[in-house]
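**Q** All residue numbers for the sequence shown refer to my numbering, where the first residue is 3 and numbers rise by one.
C-beta atoms are modelled at their ideal positions from N, C-alpha and C, and glycine is treated no differently.
On a predicted model such as this, the values are computed, not experimentally measured, just so you know.
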Amino acid sequence: MIITKKALPRRTFLRGMHASLALPLLDAMIPAATALEKTPAKPVPRLGFVFIPMGCDHSRWTPSAGPGLGELSPILRPMESVKDDLIVFTNFDLKNAYPGTHSTSNSAFLSAAFAKHTESSDYYLGTTVDQHAAREIGKDSQLPSLELSMDLLQTVGQCNNGYACVYQNNLSWSSPTTPLPSEAHPRTVFERLFGEGGSIDDRRAALRERASLLDWVRDDITRLKRKLGQEDRRRIDSYLSSIREVERQIQRAEAVAADNPLPDLDRPQGVPAAYRDHARLMFDLQLLAYQGDITRVITFQLARELSGRTYPEVGVPDPHHPLSHHGNDPEKVEKISRINRFHVSLFAEYLEKLKATPDGDGSLLDHVVLLYGSGMGNPSTHDHDNLPVLVAGGASCGVRGGRHVRFDEGTPLANLHLTLLDRVGVRLDSFGDSNGKIDDLFQAVPV
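#1: So within the segment 270 to 314, which uninterrupted beta strand (DSSP E) runs reach at least 3 residues, ignoring any that extend past its ends?
#2: Between which two residues does the beta strand (DSSP E) holding residue 316 run?
#3: Restricting to Cα atoms, I'd like to know which of 373, 249, 101 is closest to residue 349.
#4: Report all residues from its chain with a CB closer than 8 Å to the CB of residue 174; omit the five preceding and five following residues, and keep chain order.
#5: Output yes or no for whether 9 Å exceeds the beta carbon distance between residue 135 and residue 426.
#6: Cβ-heavy atom distance between residue 141 and the ligand GDP below 8 Å?
#7: How long is the line joining the alpha carbons of residue 356 and residue 278, rounded to whole angstroms?
#8: Taking DSSP's pairing of strands, which residues face residue 395 in a bridge?
#9: Grouping DSSP H, G and I as helix and E and B as strand, with all else coil, what is residue 407?
#10: Does the Cβ-Cβ distance between residue 436 and residue 47 come in under 9 Å?
#11: Taking the beta strand (DSSP E) that residue 181 belongs to, which residues open and close that run?
#12: Measure the beta-carbon distance from residue 94 to residue 415 and round it to whole angstroms, keeping in mind my assumption that it falls under 8 Å.
#13: According to DSSP, is residue 401 part of a helix, a strand, or is it coil?
#14: On the three-state DSSP scale, how would you describe residue 268?
#15: Quick check: what's the CA-CA separation for residue 195 versus residue 107?
#16: Looking at the unbroken alpha helix (DSSP H) that takes in residue 190, where does it start and where does it end?
#17: To which residues of the same chain is residue 434 closer than 6 Å at the C-beta, ignoring the five residues directly before and after it?
#18: Which two residues bound the contiguous beta strand (DSSP E) that contains residue 149?
#19: Along the chain, where does the beta strand (DSSP E) containing residue 95 start, and where does it finish?
#20: Return no unless some Cβ of chain D is closer than 9 Å to the Cβ of residue 281.
#21: On the three-state DSSP scale, how would you describe residue 73?
#22: Rank 387, 69, 117, 280 by C-alpha distance to the C-alpha of residue 60 and give the top, closest one.
#23: Give me the DSSP bridge partner(s) of residue 48.
#24: Would you give the residue range spanned by the beta strand (DSSP E) that residue 107 belongs to?
#25: Over what stretch of residues does the alpha helix (DSSP H) that includes residue 177 continue unbroken?
#26: For residue 291, does the count of other Cβ atoms within 10 angstroms reach 16, so buried, or fall short, so exposed?
#27: Quick check on residue 141: buried or exposed, where buried means 16 or more other Cβ atoms within 10 Å of its Cβ?
#28: Taking all protein chains shown into account, do 16 or more other C-beta atoms lie within 10 angstroms of the C-beta of residue 154, making it buried, or fewer, making it exposed?
#29: Look up residue 53 in the DSSP assignment and give the residues it is bridged to.
#30: Going by DSSP in three states, residue 185 sits in which element: helix, strand or coil?
#31: Between residue 275 and residue 406, what straight-line distance do the alpha-carbon atoms span, to the nearest angstrom?
#32: Residue 360 by DSSP, collapsed to three states: which one?
#33: Counting C-beta neighbours from all protein chains within 10 Å, is the total for residue 413 16 or more, i.e. buried, or is it exposed?
#34: Which residue wins for smallest C-alpha separation from residue 240, given the options 370, 289, 368, 120?
#35: Hey, quick one: how far does the alpha helix (DSSP H) through residue 420 stretch, first residue to last?
#36: Mapping DSSP to helix, strand and coil, what is residue 365?
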């Protein structure tokens with residue numbers, strides 16, 4: 003039998019005057035032969051990293067003993083609906099982060115490398131795990147990687163115990179001497195994902211000239227949908243609705259900022275005033291970036307080390323960093339746990355949205371492997387042992403969730419990085435201070 007039907011290319015864009023719009027994975031992108039064989043589409047794997055600062059309250063983070071997660075600990079409880087997609091780890095460490103500092107907690111998290119002690123521009127670290135992935139699985143996407151954060155202003159100079167601020171500002175490094183700056187402004191991220199290119203100012207001006215990205219590609223959308231089946235039309239409608247909602251959120255935030263009569267020089271327009279709303283919007287943008295295959299590798303810093311951010315949303319008016327030096331004061335430890343749980347709740351919402359988003363032969367969560375955690379264990383003692391770390395998603399990469407894996411002794415976090423790279427098809431002999439992969443993806447003997 004001769005098959006003449008041509009599949010829609012995976013890298014299909016709708017193009018308007020000032021924008022291009024990548025599409026989610028559709029049945030029409032499956033080659034005709036495989037479609038006839040009823041073989042579902044298998045998307046490429048994606049990899050994401052979410053960083054939280056200043057460790058955790060272990061007493062409320064650590065799950066009960068046992069290979070299964072069972073009843074989640076108080077901090078992890080917001081992830082009850084997705085616990086079957088989680089592996090929580092106990093006893094990972096970062097030996098190259100010592101002597102224990104906030105700067106090295108941040109810098110070693112994705113590099114597992116020793117940071118050169120310097121206050122100047124002769125900083126030196128290592129290539130981070132996300133960038134190893136970007137060179138392989140990200141090379142065919144529009145953006146090899148995407149670096150995001152929640153802090154709009156970067157600090158400069160010397161930040162902590164003689165370490166240059168660059169170690170705290172940047173999670174991602176493309177080489178030992180090249181930190182990659184992160185972006186916290188939702189509008190700028192949206193333009194980078196869906197804008198026409200050029201300078202940031204040019205893209206902002208172009209977006210102000212139009213009511214919506216979708217308005218410019220409406221004709222292309224209409225023509226394309228005529229060629230698609232019912233399920234593909236539904237997927238496109240869902241994807242476009244998500245883009246429209248993100249646009250509305252940004253426009254609402256800009257309107258609030260524009261109508262504010264008080265001077266606010268530190269907060270650009272388009273950034274929600276509440277941390278919760280800002281974080282949700284940044285997570286939504288990440289979902290869109292994965293769904294449209296605009297990028298396959300993302301890092302996201304929920305806050306920097308030494309952050310003085312307060313969290314009135316959860317009844318913590320105290321700055322985070324001073325609280326982290328709790329000295330086992332029960333009241334301070336309890337407030338730290340509230341911050342930890344708040345961060346987890348935002349991540350849980352993101353996981354639920356990924357799980358609800360169809361992608362190929364499963365959901366986006368099935369095809370995205372996400373590492374969530376901190377480079378510090380007990381912040382009061384600045385240690386880098388027993389790190390709060392978990393992995394979510396990645397079923398299509400062999401990740402088997404619903405487990406608590408406790409190592410009998412300290413194990414390099416670099417082993418996990420090396421294993422995750424292997425699972426998404428990036429082969430390295432070693433990484434940082436690794437001493438091996440975790441056999442059969444987290445088959446360490448659990449308690």
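**A** By the coordinates alone:
#1: 299 to 303
#2: Taking the sequence shown and counting its residues from 1, the one referred to as residue 316 is at position 314. Run containing residue 316: none; DSSP gives neither H nor E here.
#3: Taking the sequence shown and counting its residues from 1, one reaches residue 349 at position 347. Measuring from the Cα of residue 349, the nearest candidate turns out to be 373.
#4: Against the sequence shown, residue 174 aligns to sequence position 172. So the qualifying residues of the chain are 112, 130, 132, 133, 147, 149, 181, 182, 184, 301.
#5: In the sequence shown, residue 135 corresponds to position 133, counting from 1. In the sequence shown, residue 426 corresponds to position 424, counting from 1. Closer than 9 Å, so yes.
#6: This structure lacks the ligand GDP, and indeed carries no ligand of any kind.
#7: Position 354 of the sequence shown holds residue 356. Position 276 of the sequence shown holds residue 278. For residue 356 and residue 278, the distance between alpha carbons rounds to 18 Å.
#8: Taking the first residue of the sequence shown as position 1, residue 395 is located at position 393. Residue 395 is bridged to 371.
#9: Position 405 of the sequence shown, counting from 1, holds the residue named residue 407. Strand.
#10: Within the sequence shown, residue 436 is the residue found at index 434, counting from 1. Within the sequence shown, residue 47 is the residue found at index 45, counting from 1. Not a contact, by the Cβ cut-off of 9 Å.
#11: If you number the sequence shown from 1, residue 181 lands on position 179. From DSSP, the beta strand (DSSP E) with residue 181 extends over 180 to 182.
#12: In the sequence shown, counting from the first residue as 1, residue 94 sits at position 92. In the sequence shown, counting from the first residue as 1, residue 415 sits at position 413. Contact annotation, residue 94 with residue 415: C-beta distance approximately 5 Å; criterion of less than 8 Å satisfied.
#13: Numbered from 1 along the sequence shown, position 399 holds the residue referred to as residue 401. Three-state result, residue 401: coil.
#14: Within the sequence shown, the letter at position 266 stands for residue 268. Note that residue 268 scores 38 on pLDDT, short of 50, meaning its location in the model is unreliable and no value can be drawn from it.
#15: On the sequence shown, residue 195 is found 193 positions in, with the first residue counted as 1. On the sequence shown, residue 107 is found 105 positions in, with the first residue counted as 1. Using only the alpha carbons, I get a separation of about 30 Å.
#16: Position 188 of the sequence shown, counted from the start, is the residue given in the question as residue 190. Here the alpha helix (DSSP H) through residue 190 covers 188 to 196.
#17: To locate residue 434, count along the sequence shown from 1; it is residue 432. Correct list, in chain order: 114, 115, 416.
#18: By one-based count along the sequence shown, residue 149 stands at place 147. Residues 148 to 151.
#19: Your numbering for residue 95 matches position 93 in the sequence shown. Segment 88 to 95, the beta strand (DSSP E) holding residue 95.
#20: The structure shown contains no chain D, having only a single protein chain.
#21: Within the sequence shown, the letter at position 71 stands for residue 73. Residue 73: coil per DSSP, three-state reduction.
#22: Along the sequence shown, read from residue 1 onward, the residue named residue 60 stands at position 58. Answer by Cα proximity: 387.
#23: By one-based count along the sequence shown, residue 48 stands at place 46. Beta-bridge pairing links residue 48 to 370.
#24: One-based indexing of the sequence shown puts residue 107 at position 105. No beta strand (DSSP E) contains residue 107, which is instead part of the alpha helix (DSSP H) from 104 to 113.
#25: Within the sequence shown, residue 177 is the residue found at index 175, counting from 1. Counting along the chain, no alpha helix (DSSP H) covers residue 177; the unbroken beta strand (DSSP E) around it starts and ends at 174 to 177.
#26: Translated into the one-based positions of the sequence shown, residue 291 becomes position 289. So residue 291 counts as buried.
#27: For the purposes of this step, residue 141 is taken as the residue at position 139 of the sequence shown. Exposed: under 16 other Cβ atoms inside 10 Å.
#28: One-based indexing of the sequence shown puts residue 154 at position 152. With fewer than 16 other Cβ atoms within 10 Å, it is exposed.
#29: Residue mapping note: residue 53 aligns to position 51 of the sequence shown, counting from 1. According to DSSP, which records beta bridges pairwise, residue 53 is partnered with 303, 375.
#30: Along the sequence shown, one-based indexing puts residue 185 at 183. Looking at residue 185 - three-state DSSP - the assignment turns out to be strand.
#31: Numbered from its first residue, the sequence shown carries residue 275 at position 273. Numbered from its first residue, the sequence shown carries residue 406 at position 404. C-alpha separation (whole angstroms): 36 Å.
#32: Looking up residue 360 in the sequence shown gives position 358. Here residue 360 sits in strand by DSSP.
#33: As a first step, residue 413 must be located in the sequence shown, where it is residue number 411. Buried: at least 16 other Cβ atoms inside 10 Å.
#34: By 1-based counting over the sequence shown, the position of residue 240 is 238. Among 370, 289, 368, 120, the Cα nearest to that of residue 240 belongs to 289.
#35: Along the sequence shown, read from residue 1 onward, the residue named residue 420 stands at position 418. Element bounds for residue 420: 415 to 425.
#36: In the sequence shown, the residue the question calls residue 365 occupies position 363. DSSP places residue 365 in strand when its eight states are reduced to three.
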